[in-house]
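Following: one structure in structure tokens, then a few remarks.
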Amino acid sequence: MKIKKVLVSQPKPTSDKSPYYDLAEKYGIEIVFRPFIKVEGLSAKDFRQQKVNIPDYTAIIFTAKTGVDNFFRLCEEMRISIPVTLKYFCTSEMVANYLQKYIVYRKRKIFASKTGRLADLLPSMQKHKTEKYLLAVSDVNNGAETALLAENKLDVTPAAMYRTVSNDFTPDEPFDYDMLVFFSPQGIESLLKNFPDFNQGEIAIAALGAAAAKSVTDAGLRLDVEAPSPQAPSMPAALDLFLAKVN
Numbered sequence: 000m001k002i003k004k005v006l007v008s009q010p011k012p013t014s015d016k017s018p019y020y021d022l023a024e025k026y027g028i029e030i031v032f033r034p035f036i037k038v039e040g041l042s043a044k045d046f047r048q049q050k051v052n053i054p055d056y057t058a059i060i061f062t063a064k065t066g067v068d069n070f071f072r073l074c075e076e077m078r079i080s081i082p083v084t085l086k087y088f089c090t091s092e093m094v095a096n097y098l099q100k101y102i103v104y105r106k107r108k109i110f111a112s113k114t115g116r117l118a119d120l121l122p123s124m125q126k127h128k129t130e131k132y133l134l135a136v137s138d139v140n141n142g143a144e145t146a147l148l149a150e151n152k153l154d155v156t157p158a159a160m161y162r163t164v165s166n167d168f169t170p171d172e173p174f175d176y177d178m179l180v181f182f183s184p185q186g187i188e189s190l191l192k193n194f195p196d197f198n199q200g201e202i203a204i205a206a207l208g209a210a211a212a213k214s215v216t217d218a219g220l221r222l223d224v225e226a227p228s229p230q231a232p233s234m235p236a237a238l239d240l241f242l243a244k245v246n
């Protein structure tokens, strides 16, 4: 097995300093950024079918920038005025900082986890137990986040604000990759939807996170690289180890 061309199922990095570019140069390989899935915001009409009235809530939880974008878009479409008293709870500082696109950051009450995990946001939320929380989610979610918050006796309502759909390949789009890198179960589903007769053969597959890794093996495919691990805390680090071995 020798890797020459890798498909990374994420949007192309906005910075030239991405570690994926370093890998491409180090190993003389071609890396193509091509998402298998894409996100579409729910229309105001679809959102209203959930019977969620945004002004009823005093705090909102964001786990991704996608949730931030679609929350403010929906509020604008539905002509909802967001009160300055609304509290924002974010699972990472990156998501919290992204709020500056829509609000005056220093004038709002914003809380963020330093680890990227919802569980590590709980101490801040428990200091505000009387809040009525709205959780921005995708239409496809396993309910684990809602269950975790409910277990901690927090008043939380999940609200789907966007959906994840397959980003289909066109008939004339080449599929000549030696390695595929996935970041979610939906990516695996999209692969099999686009190529129902997919034969892995010598194509290496990498997955980030337990859910994506399980989806690979559940589909009867061979998982060659899994991240994070004690040796490789990130996908680029895991790819580096793998490429050093096979190339």
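Taken in order, the sequence shown gives residues 0 to 246; the numbers are from numbering that gives the first Met the number 0.
We put the CB at the ideal spot given by N, CA and C, even for glycine.
Please name the residue or residues paired with residue i in a DSSP beta bridge.
i	result
residue 40	161
residue 61	89
residue 2	Answer by DSSP bridge pairing: none, since residue 2 is not bridged.
residue 248	Nothing about residue 248 can be reported from this structure: the residues present for the chain run from 0 to 246 only.
residue 154	131
Since residue i is in the alpha helix (DSSP H), which residue starts that stretch and which ends it?
i	result
residue 214	209-217
residue 23	18-26
residue 31	First-last for residue 31: 29-32, but that is the beta strand (DSSP E), not the alpha helix (DSSP H).
residue 201	That residue, residue 201, is in no alpha helix (DSSP H); it is neither H nor E in DSSP.
residue 189	184-193
residue 234	234-245
residue 125	121-125
Of the residues the options, which one's Cα is nearest the Cα of residue i?
i	options	result
residue 163	38, 231, 136, 242	38
residue 137	13, 22, 41, 6	41
residue 2	229, 157, 223, 184	223
residue 169	66, 35, 239	35
residue 45	124, 32, 25, 76	76
residue 101	114, 199, 81, 90	81
residue 112	105, 103, 122, 227	122
residue 33	5, 195, 66	5
Please list the terminal residues of the continuous beta strand (DSSP E) segment that includes residue i.
i	result
residue 131	131-137
residue 178	178-181
What's the gap between the Cα of residue i and the Cα of residue j?
i	j	result
residue 188	residue 179	13 Å
residue 130	residue 87	11 Å
residue 249	residue 237	This structure gives no information on residue 249, because the portion of the chain shown stretches from 0 to 246.
residue 191	residue 156	33 Å
residue 59	residue 205	34 Å
residue 61	residue 232	24 Å
residue 230	residue 243	14 Å
residue 161	residue 215	24 Å
residue 116	residue 185	20 Å
residue 70	residue 0	45 Å
residue 85	residue 48	23 Å
residue 128	residue 108	15 Å
Reducing DSSP to helix, strand and coil, say where residue i ends up.
i	result
residue 108	strand
residue 175	coil
residue 7	strand
residue 101	coil
residue 148	helix
residue 45	helix
residue 168	coil
residue 231	coil
residue 66	helix
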